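If you count by the working numbering, then the sequence shown holds residues 3 to 262, one letter each, in order.
Reviewing the structure listed below.
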Amino acid sequence: MNTFRWMLLTGAIVVLVAAAPRIRPPEPSESVAFVHDPLKRLASRFDTFASVPGDPRGRIVYGTSRGYLHLLEFNGSRYQEIWVSPPLLSRIQKVLVADLGNDGTCQIVATNTRGGLYVYDVNTFALLSRTQETQFRSIEAMTVSDVDGDRRMEILFLSENRLFIFDAVHFVEKWRSDNLYRATDIAVGDVDGDGQQEIVLSSGHVLDAAFRNLEWENTTPFGEIIELGDVDGDGKLEVIGGTTQATTIWDVDERREKWD
Ligand SMILES: [Ca+2]
Ligand SMILES: [Ca+2]
Ligand SMILES: [Ca+2]
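Next up, the structure:
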């Protein structure tokens, strides 16, 4: 092959390569998101996984059947464990991370099967609060929400069917229900669109969040698990109840199951 032909051939190859559609390598943020997602997904699948809200370090907390809390941090390419709690004596059944005091720092709230409720600082890992050994025998459901409107969170939980509200910052009992509710899940939100929060129990009970009087009792439980969401876009939250594999939706303001 003479030099001229050789130049033509290499020139053609260069043109062809340049013209070929390129497979764009993933941007760094895309690959981060890709690695993040499987673990973030765990938080939506398991009550025992929770991500630290708005955390640039992508931290995730989870609790295990062996009774430990683990905190993972994303280092840019993978998760690394940066903390393990002391043994919390029994199976961890629920983990939440929230800014309880509305001061910009988050806390871990976890419950175990022996009625233990623990609050840890997510930055220093200090144990901030815990229930005493014999204080509660079980905790069936737990959430955090500001139910009295002072911008700081309360911890709401059901123990042996009684609803308790604890001040999350000072960890003192603010209220307990006289009534018993056979509920396995709890959520807080304005489900009737009147601008006031309600406490919704999976047992089918809807309580005013501030005064805790019963606003509505459904004829059947909402389900094993409940979540609140505006699924019809009318600006009001519906109660979505059922199991992980069965969904029913209630319009609380209309006090009926939502029909398709
Ligand atoms: Ca509050
Ligand atoms: Ca309301
Ligand atoms: Ca709605």
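We put the CB at the ideal spot given by N, CA and C, even for glycine.
Note that this is a predicted model, so its numbers are computed, not measured.
Simplified DSSP state of residue i, which is helix, strand or coil
i, result
"L44", "helix"
"Q95", "strand"
"Y81", "strand"
"P27", "The predicted model places P27 with a pLDDT of 48, which falls under 50 and marks its position as unreliable, so this point remains unresolved."
"G114", "Strictly speaking, residue 114 in this sequence is Asn, with Gly absent from that position. If DSSP states are grouped into helix, strand and coil, N114 belongs with the strands."
"I167", "strand"
"F173", "coil"
"Q109", "strand"
"E240", "strand"
"E219", "strand"
"Y70", "coil"
"A248", "strand"
"L102", "coil"
"D123", "strand"
Alpha carbon of residue i to alpha carbon of residue j, nearest angstrom
i, j, result
"G56", "Y81", "17 Å"
"R154", "A189", "17 Å"
"F76", "A52", "14 Å"
"R184", "L230", "19 Å"
"K263", "D236", "Absent from the structure is residue 263, since the part of the chain shown begins at 3 and ends at 262."
"Q198", "E156", "16 Å"
"L160", "S140", "8 Å"
"M144", "W261", "29 Å"
"L129", "E256", "44 Å"
"V63", "A112", "10 Å"
"S205", "G106", "34 Å"
"P88", "L71", "8 Å"
"R116", "D232", "35 Å"
"S147", "D180", "21 Å"
"E142", "P223", "15 Å"
"A100", "V54", "7 Å"
"R132", "Y120", "4 Å"
"F166", "L90", "21 Å"
Contact test: residue i Cβ vs ligand 2 heavy atom, cutoff 7 Å
i, result
"Q134", "no"
"D196", "yes"
"Q95", "no"
"D148", "no"
"V193", "yes"
Heavy atom of ligand 3 within 7 Å of residue i beta-carbon
i, result
"E240", "yes"
"V233", "yes"
"D236", "yes"
According to DSSP, residues forming a beta bridge with residue i
i, result
"A185", "A185 pairs with nothing; no bridge assigned."
"I157", "V146 and F168"
"W261", "None; W261 has no bridge partner."
"R65", "Residue 65 is actually Gly in this sequence, not Arg. Answer is L71, bridged to G65."
"E200", "G191 and D210"
Expected contact under 8 Å - CB spacing of residue i and residue j to nearest Å
i, j, result
"D196", "I228", "With 8 Å as the limit, D196 and I228 do not qualify as a contact, their Cβ atoms being about 19 Å apart."
"Q109", "V124", "6 Å"
"Q137", "N114", "Not a contact, Cβ separation roughly 13 Å."
beta-carbon residue i near ligand 1 non-hydrogen atom, thresh 7 Å
i, result
"E200", "no"
"M155", "yes"
"D123", "no"
"D152", "yes"
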